[in-house]
């Protein structure tokens, strides 16, 4: 396996960290094997990117045989559209290097948790929008083929996680109705959003379950294929729901009910991309 780190320069002078975990091919098995890839955007309220939703998720995806990448995108004081454009560059690198990194270029899944879920879903709505075109990206080169969201921030409305929204927009735009509408993702779903897998918990007090419900309803209305799992318990930031990804205080807990979500994602990816998972 190959591990690497690269820098992505933000348009405001910030730097994002792009990390790759690439499984090697072997003459003893299948030298021409290609795999799906998962680009992971950790959460953190657009103030940071949480390690709990980064490498543990990447290692889990590697365990299923998928190439895994992490983007520690720029957060506050960086504002929209910095993280969006950094995500576009990460997607461009993955697809550009698909042959070198043994990836099926038609099986690239963007994945995000909490505010990273907002970043992933925002990108999945804007991958062919004006922002990326104006910065020289070819939309087809950065198009996501699937989307995986865990307890995502979605809305700027009554159920908003206002901290995430405020940090993304910055002090001058955070109360402007025009910008609040733009980042309320349930209002802008189209058929161009990729097939989606989303999960959350009923007892999330930081990002209420209504965020997921609003987004799922919008996906269905737009004709986007979606699989949704709402687990009965779990604090915000559940990650894998294991002791390994719990925080030092034990606040997250060992959540047996949510621990199944990676297996469900594995089945979902196999169903979405059979040509890239025929070796499983």
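In full-length UniProt numbering, the protein residues as written are 1 to 280.
For every residue, glycine included, the Cβ atom is placed at its ideal position computed from N, Cα and C.
- DSSP places residue 210 within a helical segment (H, G or I) once states are collapsed to three.
- Taking a 10 Å sphere around the C-beta of residue 203, we find fewer than 16 other C-beta atoms and assign the residue as exposed.
- Rounded to whole angstroms, residue 75 and residue 117 show a C-alpha spacing of 14 angstroms.
- Ranked by Cα distance from residue 45, the options 177, 258, 163 are led by 163.
- As the crow flies, the alpha-carbon of residue 113 is around 32 angstroms from that of residue 32.
- Around the C-beta of residue 101, 16 or more other C-beta atoms lie within 10 Å, and the residue is accordingly described as buried.
- Note on geometry: alpha-carbon atoms of residue 193 and residue 223 lie some 9 angstroms from one another.
- When only Cα atoms are considered, residue 9 and residue 15 end up about 5 angstroms apart.
- In the structure shown, residue 260 falls within a coil segment according to DSSP collapsed to helix, strand and coil.
- Only exposed fits residue 135, as fewer than 16 other CB atoms lie within 10 angstroms of its CB.
- According to the DSSP assignment, residue 8 belongs to the beta strand (DSSP E) that extends over 2–9.
- Residues 132, 137, 142 of the same chain have their beta carbon placed closer than 6 angstroms to that of residue 88, with the five preceding and five following residues left out of the count.
- Taking a contact to require three or more Cβ pairs closer than 8 angstroms, the region 92–110 and the region 266–277 qualify as touching.
- Note: residue 41 is bridge-paired with 112 in the DSSP secondary-structure output.
- Assigned with DSSP and collapsed to three states, residue 196 falls in strand.
- Counting the other CB atoms within 10 Å of its CB gives residue 86 a total of 16 or more, which places it among the buried residues.
- When beta bridges are read from the DSSP output, residue 80 appears opposite no residue.
- Assigned with DSSP and collapsed to three states, residue 166 falls in helix.
- Residue burial is scored here from C-beta neighbours: residue 244 has fewer than 16 other C-beta atoms within 10 angstroms and is therefore classed as exposed.
- 125 is the residue among 251, 17, 125, 165 whose C-alpha sits nearest the C-alpha of residue 146.
- Under the 8 angstroms Cβ criterion, the region 149–157 counts as touching the region 173–184, having at least three qualifying pairs.
- At the C-beta level, residue 107 and residue 28 stay beyond 8 angstroms of one another.
- Just measuring C-alpha positions, the residue of 260, 206, 262, 235 sitting nearest residue 249 is 235.
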